[in-house]
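Notes to accompany the following structure.
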Amino acid sequence: MKDLVERYGGGLTLIMCLLVAFWLLLLVIVPNLYLFENSFRPYLPVQEMGGPKDVYTLKNYLTFFQSPIHISVFVWTVLYSSIVTAICFAIAYPLAYYLSKRASPKSLPTIFLLLTIPLWVSEIMRSFAWFIILSLKGPLNYILLDIGIIERPIRWMTGFRSVMIGLVYTYVLFMLFPVYNAIQSLDTSQIEAADDLGASWWRIHWRVILPHAKPGIASGSVMVFMLSAGSILVPTLLASTNSRWFTEIIQQWMFESLDWNTGAAYAFLLLILCTLFVTAVMRIFRVKLSDIAK
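The following block contains the structure:
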């Protein structure tokens, strides 16, 4: 705070703090507290709200555990979000290493500009673009047929394939930048020393680079997993009839059934269960919150 006051002055610092407090309180905390409170109340007609039936109950949460279909959808959502996270890491790690240790410093601004250009377009437009690309008679099948890789068009919009492609494309940069920052902070002399001592390239990455990049990997993995599990636009546009996403069920409760109470309960269950899953995985890989905050 002292540094902010010295840099921007007391008046401007106060305005920035008030704006941040306003954003957090009125646009984040209050709406979530309202939904949390409503998640414990039954779905009632307007005339019965505030009456004897309007009491706090766990019925909305129990609805989830009493529905095998919804439990199955949640499990598949967590599973495929984990696969998306792993694919994003497999793509982002080599690129992050190249950008931080191999690429010319003069070319970095251009590369980062090219990488961030897709973010200039809204997520819904990018999802529509992938819907066109992955369609049965879309550009992807046309190119593969023309090259001769396939003999007949592939139905990409079946199962979870199209959803995973869309999620990886949408969130891979959220893995790339934390991993890049972590690897960039590694002293290159440590890599050179390991190479001089005869370590193979895979051992250098396993014993030197990956342990140092663990905070960035953990941060990127948490962001990609939570964003993928909570995504609504990509699954809505790219999912098939047999690849439902858990957020679609929440949307159905809130906007089709107009049952905001049960929808709010499902939303908080998604948050709580995904947080527990992330915490369990962090314990397995011996990652602490302090590592993510670095």
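My numbering numbers the first residue of the sequence shown as 18 and each following residue consecutively.
Idealized CB from N, CA, C, for every residue including glycine.
In this text, all values refer to a predicted model and were calculated from it rather than measured experimentally.
Margin query: Contact between the region 171 to 186 and the region 198 to 217 is defined here as three or more beta-carbon pairs at a separation below 8 Å; is this criterion met?
Written below: no
Notebook entry, point to check: Hey, how far is the Cα of Ala107 from the Cα of Tyr73?
Noted result: 46 Å
Notebook entry, point to check: Mind pulling the alpha helix (DSSP H) runs of 4 or more residues that sit fully within the region 199 to 273?
Noted result: 205 to 213, 218 to 221, 231 to 246, 250 to 255 and 263 to 268
Notebook entry, point to check: Three or more beta-carbon pairs under 8 Å between the region 257 to 275 and the region 83 to 102, yes or no?
Noted result: yes
Notebook entry, point to check: Is it a yes or a no for the region 228 to 238 touching the region 122 to 142, going by three-plus beta-carbon pairs under 8 Å?
Noted result: no
Note to self: Quick check on Thr102: buried or exposed, where buried means 16 or more other Cβ atoms within 10 Å of its Cβ?
What the structure shows: buried
Checklist line | Phe282, DSSP secondary structure in three states | finding: For clarity, residue 282 is Ala in the given sequence; the question names Phe instead. Correct three-state label for Ala282: helix.
Margin query: What does the Cβ neighbour count give for Phe302, buried or exposed, with the cut at 16 atoms within 10 Å?
Written below: exposed
Next item on the list: Drop a sphere of 10 angstroms on the beta-carbon of Phe191, count the other beta-carbons inside from all chains shown, and report buried for 16 or more, exposed for fewer.
Entry: buried
Next item on the list: Would you mind stating whether Tyr114 and Ile221 have Cβ atoms separated by less than 8 Å?
Entry: no
Next item on the list: Would you grab the beta carbon distance between Ser238 and Val180 for me? Rounded to a whole angstrom, and I think it's under 8 Å.
Entry: In fact, because the Cβ distance is near 19 Å, the residues do not count as touching under 8 Å.
Next item on the list: For Met66, name the three-state secondary structure that DSSP assigns.
Entry: coil
Margin query: Could you check whether Tyr283 and Trp262 sit closer than 8 Å to each other, using their CB atoms as the reference points?
Written below: no
Check: Rounded to a whole number of angstroms, what is the C-alpha to C-alpha distance between Tyr197 and Asn158?
Finding: 34 Å
Margin query: Strictly under 8 Å for the Cβ-Cβ distance: is Leu193 near chain C by that measure?
Written below: Protein chains in the displayed structure number just one, and chain C is not present.
Next item on the list: Please go through the same chain and pick out, in chain order, the residues whose beta-carbon is closer than 8 Å to the beta-carbon of Phe145, but skip the five residues on each side of it.
Entry: Leu254
Next item on the list: Could you say which of Ser274, Phe285 and Arg300 lies nearest to Pro62 if we only look at CA atoms?
Entry: Ser274
Next item on the list: Rounded to whole angstroms, what's the CA-CA distance from Asn278 to Lys76? Just pull it up for me.
Entry: 10 Å
Item checked: Coarse secondary structure for Thr175, derived from DSSP in three states -> coil
Next item on the list: For Leu96, count neighbouring C-beta atoms within 10 Å of its own C-beta (all shown protein chains included) and say buried if the count is 16 or more, exposed if not.
Entry: exposed
Notebook entry, point to check: Can the beta-carbon of Ala246 be found less than 8 Å from the beta-carbon of Leu287?
Noted result: yes
Notebook entry, point to check: Among Met33, Leu116 and Trp147, which residue has its Cα nearest to the Cα of Leu131?
Noted result: Leu116
Notebook entry, point to check: Which residues bound the alpha helix (DSSP H) around Asp163?
Noted result: Pro156 to Ile164
Item checked: Local conformation of Ala120 per DSSP, three classes -> coil
Item checked: Outcome for Trp137 when other beta-carbon atoms lying within 10 angstroms are tallied against a minimum of 16 -> exposed
Note to self: For a quick check, are the C-beta atoms of Ile46 and Lys118 less than 8 Å apart?
What the structure shows: no
Check: What is the residue span of the alpha helix (DSSP H) that Pro126 lies within?
Finding: Leu125 to Thr133
Item checked: Straight-line Cα distance separating Phe129 from Arg143 -> 19 Å
Check: Helix, strand or coil: how does DSSP classify Val304 here?
Finding: coil
Notebook entry, point to check: Alpha carbon to alpha carbon, what distance is there between Leu29 and Pro111?
Noted result: 42 Å
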